[in-house]
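Student: Can you keep this structure in mind? I'll have questions shortly.
Numbering (the numbering used here), first residue to last: 56 to 303.
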């Protein structure tokens, strides 16, 4: 049995990918941030900062962070945007959001960041209601990537941007082989030994196996209606930031 077949069976056993992902992240919520720092060698916050600069909301504008989790990207956007900027952060996992609210309160950002339970594939906001949309390590977990990007397009006002940070397949045979060894072998081991979460940190590499590479994800964004789509590979292509604009 292949890993992807086994994963699909787990999805079916729990009622689908969405409830599986929700429960999975609920179980690892308390170790999510420290494990991110450890497994990325501290680079994950730099990656979020890069993505936040491309969203760059103006004074008084409203942004949307999908799959907001513990609010790291929301915080990064606020720090790099104009005065009075606000962010709505949505995630399907309440346990992650609770940790995010604690973090936001500690930083005194309660008036600028609101976290709520919400689904990126069925966003509970009106059409053309936010000035920009962002996500970090979210798209890979969606049941239907195209539906997610369609929903982002629906809620963003004309002229607004979408900025998505995702793990990606790095180009190059040698570095790609090194990445595969780390991501598919060592990273799950770290998650099992340190995070005490065998299944959860085996899901991480398995979720990338059939995920579109950077050019293919760009094509999907264009297909659903995003314009001026481009991507930026960071850390030799370990992660990629995709940026698109909703036309006037």
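Built from N, CA and C at the ideal position, the CB exists for glycine as well. Predicted model, so just to flag it, every value in this text is computed and none were measured.
(1) Using the rule of at least 16 other Cβ atoms within 10 Å of the residue's Cβ for burial, across every protein chain shown, is residue 242 buried or exposed?
(2) Return the chain-ordered list of same chain residues with a C-beta closer than 7 Å to the C-beta of residue 166, the five sequence neighbours on each side being excluded.
(3) Starting from residue 245, trace the alpha helix (DSSP H) both ways and give me its first and last residue.
(4) Contact between the region 288-297 and the region 222-238: three or more CB pairs below 8 Å?
(5) Report all residues from its chain with a CB closer than 7 Å to the CB of residue 82; omit the five preceding and five following residues, and keep chain order.
(6) Taking 8 Å as the limit between beta carbons, can you name the residues of its chain near residue 185, skipping five residues before and five after?
(7) Check this for me: beta carbons of residue 123 and residue 155, under 8 Å apart or not?
(8) Determine the extent of the alpha helix (DSSP H) in which residue 1 is found, giving its start and end residues.
(9) Going by DSSP, name the residue or residues bridged to residue 280.
(10) How would you call residue 183, buried or exposed, if buried means at least 16 neighbouring beta carbons within 10 angstroms?
(11) Output the boundary residues of the beta strand (DSSP E) element that contains residue 117.
(12) One question on the structure: do residue 175 and residue 193 come within less than 8 Å of each other, judged by their Cβ atoms?
(13) Hey, which unbroken runs of the beta strand (DSSP E) at 3 residues or more fall wholly within the region 189-231?
(14) Could you give the DSSP three-state label for residue 132: helix, strand or coil?
(15) Can you tell me which residues form a DSSP beta bridge with residue 125?
(16) Starting from residue 159, trace the alpha helix (DSSP H) both ways and give me its first and last residue.
(17) Given a cut-off of 8 Å on the beta-carbon distance, is the pair residue 204 and residue 302 in contact?
(18) Can you round the beta-carbon distance between residue 190 and residue 121 to whole angstroms, since I take them to be within the 8 Å contact cut?
Tutor: For this structure:
(1) Sequence index remark: in the chain shown, residue 242 carries index 187 (1-based). So residue 242 counts as buried.
(2) If you number the chain shown from 1, residue 166 lands on position 111. None.
(3) Walking along the chain shown from the start, residue 245 turns up at place 190. Here the alpha helix (DSSP H) through residue 245 covers 242-248.
(4) yes
(5) Counting from 1 along the chain shown, the entry for residue 82 is found at position 27. Correct list, in chain order: 252, 255.
(6) By one-based count along the chain shown, residue 185 stands at place 130. Only 117, 118, 119, 143, 210, 211, 212, 215 meet the Cβ criterion.
(7) Walking along the chain shown from the start, residue 123 turns up at place 68. Walking along the chain shown from the start, residue 155 turns up at place 100. Yes, the Cβ-Cβ distance between residue 123 and residue 155 is below 8 Å.
(8) Residue coverage of the chain in this structure runs from 56 to 303, which leaves residue 1 outside it and unanswerable.
(9) As a first step, residue 280 must be located in the chain shown, where it is residue number 225. Its beta-bridge partners do not exist; DSSP assigns none.
(10) As a first step, residue 183 is located in the chain shown; it is residue number 128 there, counting from the start. Flag for residue 183 reads exposed.
(11) By one-based count along the chain shown, residue 117 stands at place 62. Start and end: 117-121.
(12) Working through the chain shown from its first residue, we reach residue 175 at position 120. Working through the chain shown from its first residue, we reach residue 193 at position 138. Yes. Within cutoff.
(13) 211-222
(14) Start at 1 with the first residue of the chain shown, and residue 132 comes out as number 77. Reduced to three states, the DSSP call for residue 132 is helix.
(15) Taking the chain shown and counting its residues from 1, one reaches residue 125 at position 70. According to DSSP, residue 125 bridges with nothing at all.
(16) Position 104 of the chain shown, counted from the first residue, corresponds to residue 159. It spans 149-162 - the alpha helix (DSSP H) in which residue 159 sits, taken as one unbroken run.
(17) Indexing the chain shown from 1 puts residue 204 at position 149. Indexing the chain shown from 1 puts residue 302 at position 247. Against a cut-off of 8 Å, the Cβ pair of residue 302 and residue 204 comes out as no contact.
(18) Working through the chain shown from its first residue, we reach residue 190 at position 135. Working through the chain shown from its first residue, we reach residue 121 at position 66. Yes, residue 190 and residue 121 are in contact; Cβ-Cβ is about 4 Å, under 8 Å.
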